[in-house]
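J.:
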Amino acid sequence: FPVENIRNFCIIAHIDHGKSTLADRFLEITGTIAKGNNQQVLDRLQVERERGITVKAQTASLVHTYKGRRYLLNLIDTPGHVDFHYEVSRSLKACNGAILLVDANQGVQAQTVANFYMAFEAELILIPVLNKIDLKNAQPEQVAEQMHNVFDIEKSEILKISAKQGTGIDELLSAVIERIPSPPGDRSKPLKAFVFDSWYDRYKGVVAHLAICDGVIKKGERITCASSGKTYELTEVGIMYPTQVPCDTLYAGQVGYAMMNMRNVDEAQVGDTFFHEKVPVQPLPGFRSATPMVFAGMFPSEQTDFLTLRNAIEKLTLNDRSVQVKMDNSPALGQGYRLGFLGLLHMDVFNQRLEQEFDVSTIMTAPNVAYKMKIKGEKNIKFHGSDEVTVLNPCLMPDPAIITEYYEPMVNGTIISPAEYLNQLTALCHEHRGRIKDQVYIDNTRVMMQAKFPLSEILVDFFDELKSITSGYASFDYEDAGYEITEVLKLTFCLNGREVDELTMICHVSRARETASRICLKLKETIPRQQFVISVQGKVNQKVIAREDIKAFRKDVTAKCYGGDVSRKMKLLKQQAEGKKRLRRIGNIDIPNDAFLQILKK
Ligand code: GTP
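This is the structure in structure tokens:
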């Protein structure tokens, strides 16, 4: 395929607006997969689980004939959720255009707005598309109006399709070829390839997704990594069609995968440039690295599993470089990690993948955001001569006596909702210490609200509350907005006088009392009664501000087995023993492992 006959593009959409369905239709209509198997080919996470391979954002190559000429269309998949902005922005780098897909029934949503701006910043050509026009209650005219109002898109440019029924797909492929430019790139120049994704395959080792900017790359050649200077022999190159199909050569303008016997998970950095051995080129500017926003401790359920956990974290983070990893040690939980995530969903997904793909069972501590604190005295030796500390772990917060100012991370949030809920929305924003900055009607029934929130306020529950007050009709997305001055304090919890480090948290002064009471109550509910009374206390500066008692009780699992069925009794005892594995001892008190996460939910 000459460069003029190549198109690299992606689909950006709010969750559930039909991205996977559309991708399936593309694969079918181009004969890449057989018709009628509605299997969401690009959504490989399921396959991932079944086959034990780890793959994320995906590309697929399609061949399409348009006006008698054959075109190679590379569809690059992008994740949709707010937490994965970073992944989206890096996939966009390999594209020259994007399909902006909007559900003709639901209309423009918060994520549509966020993704639009990312594509706009990446200077991609956008093809606006209304999907689901087959739906009875589709409102294509009204949604086109929204797209015009919010994105300044000409209504005449908007295509209308039904991904489900296959309506308008051919026209859309034609638009991809007509409107999106072919990738720049010169095949006669020295090789310049950049890594836009990489992952660890349990069987094949490291697989890198490359976009070939200039030159050609062939199996068997030796290529050098610009950042490390290391050279590798290419053992396999190929395209995703839609699964890995090896080929001899990849040309400028193409995207494909490459394997080169990389064993170490740190060798294929996303954003890195590769060139032919001894033919160095100016490397491409790397990606802005993702900033973790949410931090939590992670520990193996059993200390003997620490090495398994370490191995699993190393492998998973190759596939997800946005996770920040630091060693940690906890008196109750032993050796483990302190991890930084892009958001709460990101954290849940990571944890789930650890358990599912690596079979490691873990304990995770209460998530928190990173606070910054100004320290008395210009050069405080204890803090490396700096007058500012960033506190990732609440236990390590300096003594308040020496802190002069506190700062917390903020986000700019976008909410799109039916206008009838405006009052409730305003109240919700205020409850979460949000400041409303802008409010516009995007058509005559829907409103878009922009507000600045402390990140800590939207981490837990915010989204659920938003959905519940708007009967599920509102959408929310956010982006980093730097730090602002604040007033926070350190809240600690004690069980029979012993501090539980894992529960220590930093919270806003206005929330201290309520949070302390809620967590004491939650501890009371989640810690099973034991053979002695347990006092639960929440403290600020050693002063008790909340308290609960857990009464004594002995749980006899065999009490209900009258008579002598020994095997049944043994089974129950075994079950109880297994249940105990999921417990953690603090002093002489057993705490169920998930209590740490449980107590966070209101
Ligand atoms: P995520 O991967 O979760 O972000 O969702 P997605 O954007 O990939 O959406 P997906 O393709 O999974 O579609 C979401 C739902 O919308 C599915 O139940 C689809 O069957 C349905 N859907 C997609 N396209 C159409 C369409 O054109 N018409 C109708 N009626 N339903 C559609």
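Letter by letter, the sequence shown follows residues 67 to 668 of full-length UniProt numbering.
We treat Cβ as the ideally placed atom computed from N, Cα and C, and that holds for glycine.
Mind checking which residues open and close the alpha helix (DSSP H) that includes Cys586?
T.: Working through the sequence shown from its first residue, we reach residue 586 at position 520. Ala578 to Thr592 is the span of the alpha helix (DSSP H), which, as asked, contains Cys586.
J.: Using three-state DSSP, classify Phe361 as helix, strand or coil.
T.: Taking the first residue of the sequence shown as 1, we reach residue 361 at position 295. Strand at Phe361.
J.: By alpha-carbon positions, which one of Tyr183, Leu190 and Phe529 ends up nearest to Cys76?
T.: Here residue 76 refers to the residue found at position 10 of the sequence shown. Nearest option by C-alpha distance: Leu190.
J.: Pick out whichever of Ser155, Leu141, Gly173 and Glu187 has its Cα sitting closest to the Cα of Ile165.
T.: Locating residue 165 in the sequence shown gives position 99, counting from the first residue. Ranking the options by Cα distance to Ile165, first place goes to Leu141.
J.: Could you tell me which uninterrupted alpha helix (DSSP H) segments, each at least 4 residues in length, are contained entirely in the segment 481-537, listed from first to last along the chain?
T.: Taking only runs of at least 4 residues, the alpha helix (DSSP H) segments lying wholly in the segment 481-537 are 488-497, 521-525 and 528-535.
J.: Expressed to the nearest angstrom, what Euclidean distance is found between the alpha-carbon atoms of Cys291 and Ile502?
T.: Along the sequence shown, read from residue 1 onward, the residue named residue 291 stands at position 225. Along the sequence shown, read from residue 1 onward, the residue named residue 502 stands at position 436. Those two C-alpha atoms are separated by around 47 Å.
J.: Whole angstroms are fine: how far does the CA of Tyr437 sit from the CA of residue 733?
T.: Nothing about residue 733 can be read from this structure; the chain reaches only from 67 to 668.
J.: Among Pro312, Ser294 and Met325, whose alpha-carbon lies nearest the alpha-carbon of Pro349?
T.: Sequence index remark: in the sequence shown, residue 349 carries index 283 (1-based). Of the listed residues, the one whose Cα sits closest to Pro349 is Ser294.
J.: Report yes if the C-beta distance between Asp169 and Asp82 is below 9 Å; otherwise report no.
T.: Taking the sequence shown and counting its residues from 1, one reaches residue 169 at position 103. Taking the sequence shown and counting its residues from 1, one reaches residue 82 at position 16. Yes, Cβ-Cβ distance for Asp169 and Asp82 is below 9 Å.
J.: With distances taken from CA atoms, which of Arg156, Glu237 and Ser222 is nearest Ser228?
T.: Taking the sequence shown and counting its residues from 1, the one referred to as residue 228 is at position 162. Cα-wise, what sits closest to Ser228 is Glu237.
J.: Do you know offhand how far Ile481's Cα is from Glu550's?
T.: For the purposes of this step, residue 481 is taken as the residue at position 415 of the sequence shown. For the purposes of this step, residue 550 is taken as the residue at position 484 of the sequence shown. One C-alpha to the other measures close to 21 Å.
J.: I'd like to confirm something about Ile165: is its beta-carbon nearer than 8 Å to some heavy atom of the ligand NAD, or not?
T.: Only the ligand GTP can be found as ligands here, which leaves the ligand NAD out of the picture.
J.: In the structure shown, what three-state DSSP assignment does Cys76 receive?
T.: One-based indexing of the sequence shown puts residue 76 at position 10. Note: Cys76 maps to strand in three-state DSSP.
J.: The ligand GTP and His83: does any heavy atom of the ligand fall closer than 8 Å to the residue's C-beta?
T.: The residue you call residue 83 lines up with position 17 of the sequence shown. Indeed, a heavy atom of the ligand GTP lies less than 8 Å from the Cβ.
J.: For the alpha helix (DSSP H) containing Glu423, name the first residue and the last one.
T.: Translated into positions along the sequence shown, residue 423 becomes position 357. Run containing Glu423: Leu410 to Phe424, per the alpha helix (DSSP H) assignment.
J.: With distances taken Cα to Cα, identify the nearest neighbour of Pro312 among Lys284, Gly363 and Thr297.
T.: In the sequence shown, counting from the first residue as 1, residue 312 sits at position 246. It is Lys284 whose Cα lies nearest to the Cα of Pro312.
J.: If we ignore side chains and look at the alpha-carbon of each, how far apart do Leu557 and Ala612 end up?
T.: Here residue 557 refers to the residue found at position 491 when the sequence shown is read from its first residue. Here residue 612 refers to the residue found at position 546 when the sequence shown is read from its first residue. Between Leu557 and Ala612, the C-alpha separation is close to 11 Å.
J.: Within 10 angstroms of its Cβ, does Ser534 collect 16 or more other Cβ (buried), or is it exposed?
T.: On the sequence shown, position 468 is the one that residue 534 refers to. That one is exposed.
J.: Return yes when at least one heavy atom of the ligand GTP lies under 8 Å from the C-beta of Ile551, else no.
T.: Sequence index remark: in the sequence shown, residue 551 carries index 485 (1-based). Checking the Cβ of Ile551 against the ligand GTP gives no.
J.: Would you decide whether Gly443 is buried or exposed? Buried here means 16 or more other CB atoms lie within 10 Å of its CB.
T.: For the purposes of this step, residue 443 is taken as residue 377 along the sequence shown, with counting starting at 1. Per the 10 Å Cβ criterion, exposed.
J.: Across which residues does DSSP place Gln390 in a beta bridge pair?
T.: For the purposes of this step, residue 390 is taken as the residue at position 324 of the sequence shown. In DSSP, Gln390 forms a bridge with Gly406.
J.: Measure the beta-carbon distance from Leu225 to Val273 and round it to whole angstroms, keeping in mind my assumption that it falls under 8 Å.
T.: By one-based count along the sequence shown, residue 225 stands at place 159. By one-based count along the sequence shown, residue 273 stands at place 207. In fact, because the Cβ distance is near 34 Å, the residues do not count as touching under 8 Å.
J.: For Ile193, which residues in the same chain have their Cβ closer than 6 Å to its Cβ, ignoring the five residues on either side in sequence?
T.: In the sequence shown, residue 193 corresponds to position 127, counting from 1. Ile165, Ala241 and Arg245.
J.: How about Leu405 and Leu375: do their beta carbons lie closer than 9 Å?
T.: If you number the sequence shown from 1, residue 405 lands on position 339. If you number the sequence shown from 1, residue 375 lands on position 309. Cβ atoms of Leu405 and Leu375: not closer than 9 Å.
J.: Can you give me the C-alpha to C-alpha distance between Arg91 and Gly232, rounded to a whole angstrom?
T.: Looking up residue 91 in the sequence shown gives position 25. Looking up residue 232 in the sequence shown gives position 166. C-alpha separation (whole angstroms): 7 Å.
J.: Does the ligand GTP have even one heavy atom less than 8 Å from the beta-carbon of Asn181?
T.: Along the sequence shown, read from residue 1 onward, the residue named residue 181 stands at position 115. Asn181: no, Cβ never under 8 Å from the ligand GTP.
J.: Starting from the Cα of Gln603, find the closest Cα among Ala378, Asn510 and Asp567 and give me that residue.
T.: Numbered from its first residue, the sequence shown carries residue 603 at position 537. Nearest option by C-alpha distance: Asp567.
J.: Assuming Ala126 and Met306 make a contact with CB atoms under 8 Å, what is their CB distance in whole Å?
T.: Reading the sequence shown from its first residue, position 60 is the one you call residue 126. Reading the sequence shown from its first residue, position 240 is the one you call residue 306. The Cβ separation is near 5 Å, so the contact holds.
J.: In whole angstroms, what separates the C-alpha of Gln369 from that of Asn417?
T.: Counting from 1 along the sequence shown, the entry for residue 369 is found at position 303. Counting from 1 along the sequence shown, the entry for residue 417 is found at position 351. Using only the alpha carbons, I get a separation of about 17 Å.
J.: To which residues of the same chain is Cys161 closer than 7 Å at the C-beta, ignoring the five residues directly before and after it?
T.: Mapped onto the sequence shown, residue 161 falls at position 95. Around Cys161: Asn74, Phe75, Cys76, Ile142 and Leu190.
J.: Return the CA-CA distance between Phe361 and Gly400, expressed in angstroms with no decimal places.
T.: Along the sequence shown, read from residue 1 onward, the residue named residue 361 stands at position 295. Along the sequence shown, read from residue 1 onward, the residue named residue 400 stands at position 334. Roughly 18 Å separates the two Cα atoms.
J.: Just checking my contact of Thr552 with Tyr487 at CB under 8 Å: how many whole Å lie between their CB atoms?
T.: Residue numbering aside, residue 552 sits at position 486 when the sequence shown is read from its first letter. Residue numbering aside, residue 487 sits at position 421 when the sequence shown is read from its first letter. Going by Cβ atoms, the distance from Thr552 to Tyr487 rounds to 28 Å, so no, they are not a contact pair.
J.: Would you say residue 754 and Ile508 are within 9 Å of each other, going by their C-beta atoms?
T.: As displayed, the chain neither begins before 67 nor continues past 668, which places residue 754 out of reach and without an answer.
J.: Helix, strand or coil for Thr315? Go by DSSP, reduced to three states.
T.: If you number the sequence shown from 1, residue 315 lands on position 249. Correct three-state label for Thr315: strand.
J.: Would you list the one or two residues that DSSP bridges to Thr87?
T.: For the purposes of this step, residue 87 is identified with residue 21 of the sequence shown, where counting begins at 1. Bridge partners of Thr87: none, in fact.
J.: Under a three-way DSSP split, which group does Cys279 fall into?
T.: For the purposes of this step, residue 279 is identified with residue 213 of the sequence shown, where counting begins at 1. Strand, per DSSP.
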